[in-house]
Amino acid sequence: MSEKTKGEELREKLFFTPKNLSELMTPEEKEAAEAFSVDYKNFLDRAKTEREAVTTMVELLEKAGYTPFEAGKKYPAGSKVYLNNRGKALIASTIGTLDIGEGVRIEAAHIDSPRLDMKPNPLVEEQELCFFKTHYYGGIKKYQWTAIPLSIHGVVVKKDGTPVTVTIGEDPGDPVFCVTDLLPHLGKDQMKQPMTQGIKGEQLNVLLGCELYPDEKVSDRVKLNIMSLLYGKYGITERDFQSAELCAVPAFGARDVGLDRGMIGAYGHDDRVCAYAQLMAEIEAKNPAHTTVTVFADKEEVGSDGVTGLHSHFLIDFIEDLAQASGKELRHVLRASACLSADVNAAYDPAFADVNEKHNCAYLGYGPVLTKYTGSGGKSSTNDAPAEFVAFVEGLLEKNGVTWQTGELGKVDQGGGGTVAKYVSHFNVDTVDMGVAVLSMHAPFEVISKADLYMTYKAMEAFYR
0 MSEKTKGEEL REKLFFTPKN LSELMTPEEK EAAEAFSVDY KNFLDRAKTE REAVTTMVEL
60 LEKAGYTPFE AGKKYPAGSK VYLNNRGKAL IASTIGTLDI GEGVRIEAAH IDSPRLDMKP
120 NPLVEEQELC FFKTHYYGGI KKYQWTAIPL SIHGVVVKKD GTPVTVTIGE DPGDPVFCVT
180 DLLPHLGKDQ MKQPMTQGIK GEQLNVLLGC ELYPDEKVSD RVKLNIMSLL YGKYGITERD
240 FQSAELCAVP AFGARDVGLD RGMIGAYGHD DRVCAYAQLM AEIEAKNPAH TTVTVFADKE
300 EVGSDGVTGL HSHFLIDFIE DLAQASGKEL RHVLRASACL SADVNAAYDP AFADVNEKHN
360 CAYLGYGPVL TKYTGSGGKS STNDAPAEFV AFVEGLLEKN GVTWQTGELG KVDQGGGGTV
420 AKYVSHFNVD TVDMGVAVLS MHAPFEVISK ADLYMTYKAM EAFYR
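The numbering of the sequence shown is numbering that gives the first Met the number 0, which starts it at 0 and goes up by one.
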């Protein structure tokens, strides 16, 4: 092999050139990534809503020795606790060996995903067809939700206060549901509409049934038949929909994508891919120096508002409880803390190359994406991480053999987006975004790289370790 020229050596020293993980990972790492992806796919299939994600994660945490958090109690180093916020958001924590006055290490992901929520009065009958009326949740392309199999998930709280969990469409013997679309033969006018208007929000009605209730003397016989089936299985009446949280999500499960099986296609990668990676990093944190605070938030897709979103104080209240138990001031703990806002970024798609600036976008298979700032236009509504903290995280990743990349969410004037980072940094905590690159983000079927998933887990483990 010929020796490198001076120019080649200088280029290698001075240039930053991300590399594809398929070239860098050892056979052992690829085997570990495959095993990690199998467990992740099982998690996705069990956790299609934020409630299901919390339930599944609590099971995994308790299996790993975590116990419910008790405010006011001082925990010794190595203790593992969790806080369940109303069944829709979650915090897991491992108490560190350092005094909490040295700060905590936070990893924050969200576990809600775009979907079709049922309206308060959802059940309607039109021309002897029965539907659930929906109000879509999060940023979706409405046409993508038509003519695909859907399942119904959620909880109904009955008049007497009894909660009833509903899941229909996931088991092989279950029926599925769908939103209908117009046939091409009659779609001339529809096809002339902008894509945002081709399917309107009020047309996203979930088809439930067509069978008549066997009584000719009553009206709305299809609706009555559907309601009698729901009452027979769940004991719910139409009045109970007023307090229900029901939604329609894709009925299909997570699958390998590609002849090489290097990718995973599924509903809800945004942002359960980062949530699962940080959950595993949290569980693996045995004796961390800094106390870990792993947050799984709700409502990110609609602005992080509400009692289970990170715009509320449930995270800060948890850290304050830890601080007070050790006689420390919350503001001093927060000032010494650091956070990875674990959210996905957009992967470069050659089919839509014009929306990206190739030198500053993320690529599938190049490792987790470190995003110094998000927002839109002139960095509007963003967390812009301090250079010192970004350099610290970069050094940490490289020290621990984690391959990473940087990327913005599209061209400057193209669009953009936000994460929960700004809600954490608001409390004087150094925060930077890092997560997995995703193709077809917010679609019912998103795609990620298995190597990126595994390397993101390694990055989060290193941040805690």
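Glycine included, every Cβ here is placed at the ideal spot set by N, Cα and C.
Since the model is a prediction, treat every value here as computed from it, not as a measurement.
- For His134, the enclosing beta strand (DSSP E) starts and ends at 128-136.
- Of Leu321, Ser336, Ala345, the smallest CA-CA separation from Gln413 is found for Ala345.
- As for any alpha helix (DSSP H) of minimum length 4 sitting wholly inside the stretch 329-373, the runs are 329-334, ordered along the chain.
- Taking a cut-off of 8 Å for Cβ pairs, the stretch 99-111 and the stretch 191-199 do not touch, as fewer than three such pairs fall below it.
- With a 10 Å radius around the Cβ and a threshold of 16 neighbouring Cβ atoms, Gln404 comes out buried.
- An exposed status is given to Asn286, since fewer than 16 other beta-carbon atoms sit within 10 Å of its beta-carbon.
- Within the DSSP secondary-structure output, Gln404 pairs in a beta bridge with Val368.
- Here DSSP, grouped into helix, strand and coil, assigns Tyr65 to coil.
- Secondary structure of Phe426 (DSSP, three-state): coil.
- Taking C-beta separations shorter than 7 Å and ignoring five residues to either side along the sequence, the partners of Val272 in its chain run Val343, Val435, Ile447, Leu452, following chain order.
- Cys246 has Asp116, His152 as its beta-bridge partners, per DSSP.
- DSSP places Met279 in the helix class (H, G or I) of the three-state scheme.
- The beta carbon of Asn399 sits closer than 6 Å to those of Ala461, all from its chain and outside the five residues before and after it, given in chain order.
- Within the DSSP bridge table, the entry for Asp255 names Ile263 as partners.
- DSSP, read as helix, strand or coil, puts Asp432 in strand.
- Annotated three-state conformation of Thr381 is coil, per DSSP.
- Annotation: Val163 is outside any alpha helix (DSSP H); the continuous beta strand (DSSP E) that includes it extends over 162-167.
- Secondary structure note for Ser36: its alpha helix (DSSP H) is the uninterrupted segment 26-45.
- Taking the C-beta atoms as reference points, Ala450 is found nearer than 8 Å to Ala32.
- Under the DSSP assignment, Ser92 falls in the beta strand (DSSP E) whose first and last residues are 88-93.
- Here the alpha carbons of Lys12 and Gly6 stand approximately 10 Å from one another.
- Residue burial annotation: Cys209 is exposed, with fewer than 16 other C-beta atoms found within 10 angstroms of its C-beta.
- Here Thr290 is buried: its Cβ has 16 or more other Cβ atoms, across all protein chains shown, within 10 Å.
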